[in-house]
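**Q** The sequence shown begins at 98 in the working numbering and counts up by one. Below: one structure in structure tokens.
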Amino acid sequence: MGALGLLALAVLLATAAEAQAGVTSLYRRKMEATADMPLDADVFRVPTGYNAPQQVHITLGDQTGTAMTVSWVTPNELGNSTVTYGRSPEKMEMSAEGRHTRYDYFNYTSGFIHHCTLKNLKHGVKYYYAMGFGHTVRTFWFTAPPKPGPDAPFKFGLIGDLGQTFDSNSTLSHYEANGGDAVLFVGDLSYADTYPLHDNNRWDTWARFVERSVAYQPWLWTTGNHELDYEPKIGETVPFKPFTHRYPTPYLAAGSTEPFWYSVKIASAHIIVLASYSSYGKYTPQWAWLKEELGRVDRKTTPWLIVLMHSPWYNSNNYHYMEGETMRVQFESWLVEAKVDLVLAGHVHSYERSRRFSNIEYDIINNKATPVHNLDAPVYVNIGDGGNIEGIANNFTMPQPGYSAFREGSFGHATLEIKNRTHAYYEWHRNHDGAKAVADSSWFTNRYWMPTHDDSN
Ligand SMILES: *[C@@H]1O[C@H](CO)[C@@H](O)[C@H](O)[C@H]1NC(C)=O
Ligand SMILES: *[C@@H]1O[C@H](CO)[C@@H](O)[C@H](O)[C@H]1NC(C)=O
Ligand SMILES: *[C@@H]1O[C@H](CO)[C@@H](O)[C@H](O)[C@H]1NC(C)=O
Ligand SMILES: *[C@@H]1O[C@H](CO)[C@@H](O)[C@H](O)[C@H]1NC(C)=O
Ligand SMILES: *[C@@H]1O[C@H](CO)[C@@H](O)[C@H](O)[C@H]1NC(C)=O
Ligand SMILES: [Fe+2]
């Protein structure tokens with residue numbers, strides 16, 4: 098081999114080595130956490146009219162979206178829990194009766210929180226819906242998700258740890274500009290608990306802030322640590338009290354016994370939501386449910402198997418390092434065996450995408466405790482970078498572990514565009530102080546239909 102040949106070989110080897118090394122992006126935005134938007138910010142504006150419905154949001158009311166649960170708050174008096182709806186704004190000839198609830202939290206008393214499930218919807222059809230009386234009637238619309246099927250395309254938004262800062266607002270604005278059809282939200286909604294006495298008025302402001310998206314498309318909720326609102330010092334000993342009163346989930350339809358873990362089937366995706374802050378040890382209700390649920394997954398109908406949780410299993414940031422470890426030890430082998438395509442988590446306020454790795458051989462004496470490349474394993478995405486008041490987590494472990502493909506300490510959101518049974522296109526959008534830059538992207542190939550294809554990059 099001549100000198101040129103050797104040089105070419107060296108370049109080739111160097112390139113191959115580079116392809117293996119993960120990227121720790123050195124992009125730096127301004128590092129300080131931005132403040133929460135003030136109470137008089139435009140995004141928190143109360144709709145005009147006495148007792149006007151506010152904080153409107155929707156989520157799936159059954160497993161596939163032929164039911165949609167509409168929730169809202171009337172601040173002054175009960176009003177009623179009726180939603181009128183139909184296929185055009187002029188002809189909302191159908192109506193559904195809901196229910197209402199309220200709760201106290203220390204010295205805060207919530208408004209009247211209404212939940213009303215619209216049933217027998219047709220897949221893929223646009224519906225208009227309204228609630229309220231006279232001049233306070235407010236009208237919104239949504240499109241029921243497509244019927245589950247192997248090649249039904251769908252675009253998800255992936256958002257976590259949003260909060261209500263100016264950065265949160267740019268994350269939401271950029272997501273809106275990128276136009277997903279539903280949001281997979283990986284937990285930590287309002288961060289009301291960062292205020293004295295967990296000021297629950299900040300649950301109300303948060304719901305008014307995100308109404309501009311979640312009144313028009315379903316968001317699927319995962320519980321994070323900021324949903325716990327467990328504060329014995331002030332007599333608040335029921336975990337998740339504000340969350341459960343405000344944010345219903347279709348858990349009964351999913352055969353679950355608690356609202357915190359459940360599943361839905363949207364288009365070609367089967368989505369399983371797990372609860373990092375509910376028990377998951379062997380024989381617990383969540384453990385028993387997940388075991389059965391994985392047996393119910395039908396990859397011929399819903400090829401894409403996606404799991405949501407709050408606390409990540411693979412996270413190479415020093416922030417919250419290994420907090421998800423006990424759940425990983427409990428469930429990782431099941432997920433690998435089930436060939437899960439993608440696991441989404443939040444909690445760590447930065448962005449990270451993994452390669453397909455697993456760590457399921459270790460048995461406490463065999464020393465096999467190093468994650469290994471495994472094409473049956475999911476890609477892990479940490480999307481806890483929604484922009485909340487706690488700021489960016491920018492202290493990564495060094496060197497970057499082999500499983501980590503890309504990581505960066507910036508705020509943003511991601512989108513997952515499922516094209517058909519074999520291909521999905523994924524993008525992470527860095528907020529970059531105003532521009533919706535695509536800072537990381539990847540094609541994912543389906544683990545059931547293309548099990549031997551290595552889509553890591
Ligand atoms: C939030 O973002 C929206 C849409 O970009 C904008 O109209 C609004 O003024 C922003 N509000 C604040 C408080 O930044
Ligand atoms: C709720 O209010 C609407 C609008 O006034 C009315 O048509 C409907 O009958 C009311 N429902 C109940 C149960 O009172
Ligand atoms: C609740 O208590 C706090 C602390 O004492 C006080 O600042 C706040 O005004 C009270 N809120 C209500 C609604 O009474
Ligand atoms: C980064 O995290 C490590 C491990 O927790 C810690 O020892 C170190 O002080 C941190 N560095 C900074 C700059 O915070
Ligand atoms: C699935 O989508 C990918 C990406 O758009 C495309 O390359 C592929 O041909 C599609 N497969 C089928 C069977 O249509
Ligand atoms: Fe968290």
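C-beta atoms are modelled at their ideal positions from N, C-alpha and C, and glycine is treated no differently.
Tell me the rounded alpha-carbon separation between F141 and E390.
**A** Translated into positions along the sequence shown, residue 141 becomes position 44. Translated into positions along the sequence shown, residue 390 becomes position 293. Rounded to the nearest angstrom, the two C-alpha atoms are 39 angstroms apart.
**Q** Given F357, which residues of its chain have a CB within under 6 angstroms of its CB, disregarding the five upstream and five downstream residues?
**A** As a first step, residue 357 must be located in the sequence shown, where it is residue number 260. Correct list, in chain order: T320, A372, S375.
**Q** Is the Cβ-Cβ distance between D258 and H444 less than 8 angstroms?
**A** Translated into positions along the sequence shown, residue 258 becomes position 161. Translated into positions along the sequence shown, residue 444 becomes position 347. Yes.
**Q** Just the Cα atoms here: how many angstroms apart are S507 and T179?
**A** The residue you call residue 507 lines up with position 410 of the sequence shown. The residue you call residue 179 lines up with position 82 of the sequence shown. Distance between the alpha carbons of S507 and T179 is about 42 angstroms.
**Q** Out of curiosity, what's the CA-to-CA distance linking Y202 and F209?
**A** Here the question's residue 202 lines up with position 105 in the sequence shown. Here the question's residue 209 lines up with position 112 in the sequence shown. Approximately 14 angstroms between the Cα atoms of the pair.
**Q** Would you kindly check if the distance between the Cβ of T268 and the Cβ of R504 is under 8 angstroms?
**A** One-based indexing of the sequence shown puts residue 504 at position 407. One-based indexing of the sequence shown puts residue 268 at position 171. Not a contact, by the Cβ cut-off of 8 angstroms.
**Q** Pick out the complete beta strand (DSSP E) segments inside the region 237-282, 3 residues or longer, and give them in chain order.
**A** DSSP runs (the beta strand (DSSP E)) wholly in the region 237-282: 251-256, 279-282.
**Q** Determine, for V167, whether the minimum Cβ-Cβ distance to residues of chain D falls below 8 angstroms.
**A** Within the model displayed, chain D is absent; a lone protein chain is all it includes.
**Q** Relative to the C-alpha of H520, which residue among H510, A511, P548, A536 is closest?
**A** For the purposes of this step, residue 520 is identified with residue 423 of the sequence shown, where counting begins at 1. Taking only the C-alpha atoms, the option nearest H520 is P548.
**Q** Helix, strand or coil for G509, going by three-state DSSP, please let me know.
**A** Taking the sequence shown and counting its residues from 1, one reaches residue 509 at position 412. Of the three classes helix, strand and coil, the one that applies to G509 here is strand, per DSSP.
**Q** Looking at ligand 5, does it come within less than 7 angstroms of T171, judged from the CB to the closest heavy atom?
**A** Position 74 of the sequence shown, counting from 1, holds the residue named residue 171. Outside the cutoff, so no.
**Q** Whole angstroms are fine: how far does the CA of H550 sit from the CA of H323?
**A** Residue mapping note: residue 323 aligns to position 226 of the sequence shown, counting from 1. Residue mapping note: residue 550 aligns to position 453 of the sequence shown, counting from 1. Taking the straight line joining both Cα atoms gives about 38 angstroms.
**Q** For K429, which of Y418, V404, P315, F253 has the nearest alpha-carbon?
**A** Residue mapping note: residue 429 aligns to position 332 of the sequence shown, counting from 1. Note that residue 429 is Glu in the sequence shown, not Lys. Closest option to E429, Cα to Cα, is V404.
**Q** Does DSSP put R504 in a helix, a strand or coil?
**A** Taking the sequence shown and counting its residues from 1, the one referred to as residue 504 is at position 407. Correct three-state label for R504: strand.
**Q** Could you tell me which residues DSSP puts in a beta bridge with E333?
**A** Taking the first residue of the sequence shown as 1, we reach residue 333 at position 236. DSSP lists E328 as partners of E333.
**Q** On the three-state DSSP scale, how would you describe E187?
**A** Position 90 of the sequence shown, counted from the start, is the residue given in the question as residue 187. It is coil, neither helix nor strand.
**Q** Which same chain residues end up closer than 7 angstroms to I155 when comparing Cβ atoms and leaving out the 5 residues on each side of it in sequence?
**A** Taking the sequence shown and counting its residues from 1, one reaches residue 155 at position 58. Counting only Cβ-Cβ distances below 7 angstroms, and skipping sequence neighbours, we find M165, T166, V167, F239, V311, A312, P315.
**Q** Check whether the Cβ atoms of T206 and G158 sit closer than 8 angstroms, and answer yes or no.
**A** One-based indexing of the sequence shown puts residue 206 at position 109. One-based indexing of the sequence shown puts residue 158 at position 61. Not in contact: T206 and G158 (Cβ atoms no closer than 8 angstroms).
**Q** Considering S310, what are the terminal residues of the alpha helix (DSSP H) in which it resides?
**A** By 1-based counting over the sequence shown, the position of residue 310 is 213. From DSSP, the alpha helix (DSSP H) with S310 extends over 298-311.
**Q** By how many angstroms is the C-alpha of T398 removed from the C-alpha of Y288?
**A** Here residue 288 refers to the residue found at position 191 of the sequence shown. Here residue 398 refers to the residue found at position 301 of the sequence shown. Computed Cα separation, rounded: 37 angstroms.
**Q** Go ahead and label H509 buried or exposed: buried means 16 or more other beta carbons lie within 10 angstroms of its beta carbon, across all protein chains shown.
**A** On the sequence shown, position 412 is the one that residue 509 refers to. The sequence given here has Gly at residue 509, not His. It counts as buried.
**Q** Using DSSP bridges, identify the partner residues of F141.
**A** Position 44 of the sequence shown, counted from the first residue, corresponds to residue 141. Paired residues: none, contrary to the question.
**Q** Quick check: the region 534-547 against the region 419-438, are at least 3 beta-carbon pairs closer than 8 angstroms?
**A** Enough Cβ pairs lie closer than 8 angstroms, so yes.
**Q** Among E273, A241, T262, K244, whose alpha-carbon lies nearest the alpha-carbon of D254?
**A** Stepping through the sequence shown from its first residue, residue 254 is reached at position 157. For clarity, residue 254 is Gly in the given sequence; the question names Asp instead. If we check each option's Cα against that of G254, E273 comes out closest.
**Q** Considering only residues of the same chain and omitting the five flanking positions on each side of S451, which have a CB-CB separation below 7 angstroms?
**A** As a first step, residue 451 is located in the sequence shown; it is residue number 354 there, counting from the start. Only Y411, V476, Y477, Y500, S501, A502 meet the Cβ criterion.
**Q** My assumption, with CB atoms under 8 angstroms, is that N479 sits in contact with E449. Please give the rounded CB distance.
**A** Counting from 1 along the sequence shown, the entry for residue 479 is found at position 382. Counting from 1 along the sequence shown, the entry for residue 449 is found at position 352. Contact holds; Cβ gap of about 4 angstroms.
**Q** Let me know the secondary structure DSSP gives R235 once reduced to three states.
**A** What you label residue 235 is simply residue 138 of the sequence shown in a count that begins at 1. Residue state, collapsed to three classes: strand.
**Q** Any heavy atom of ligand 1 closer than 7 angstroms to the CB of S287?
**A** Numbered from 1 along the sequence shown, position 190 holds the residue referred to as residue 287. Answer for S287: no, Cβ out of range of ligand 1.
**Q** Going by beta-carbon coordinates alone, are N65 and P339 separated by less than 8 angstroms?
**A** Beyond the ends of the chain as shown, which are 98 and 554, falls residue 65; an answer cannot be given.
**Q** Say yes only if the C-beta of D278 is nearer than 7 angstroms to one or more non-hydrogen atoms of ligand 6, and no if none qualify.
**A** Here residue 278 corresponds to residue number 181 of the sequence shown, with the count starting at 1. Result no, Cβ not under 7 angstroms from ligand 6.
**Q** Contact between the region 181-192 and the region 213-227: three or more CB pairs below 8 angstroms?
**A** Touching, per the Cβ criterion.
**Q** Near G102, which residues of its chain fall below 7 angstroms by C-beta distance, leaving aside the five closest residues on each side in sequence?
**A** What you label residue 102 is simply residue 5 of the sequence shown in a count that begins at 1. Summary for G102: the model assigns pLDDT 39, below 50, so the residue's position carries little reliability, and this model does not support an answer.
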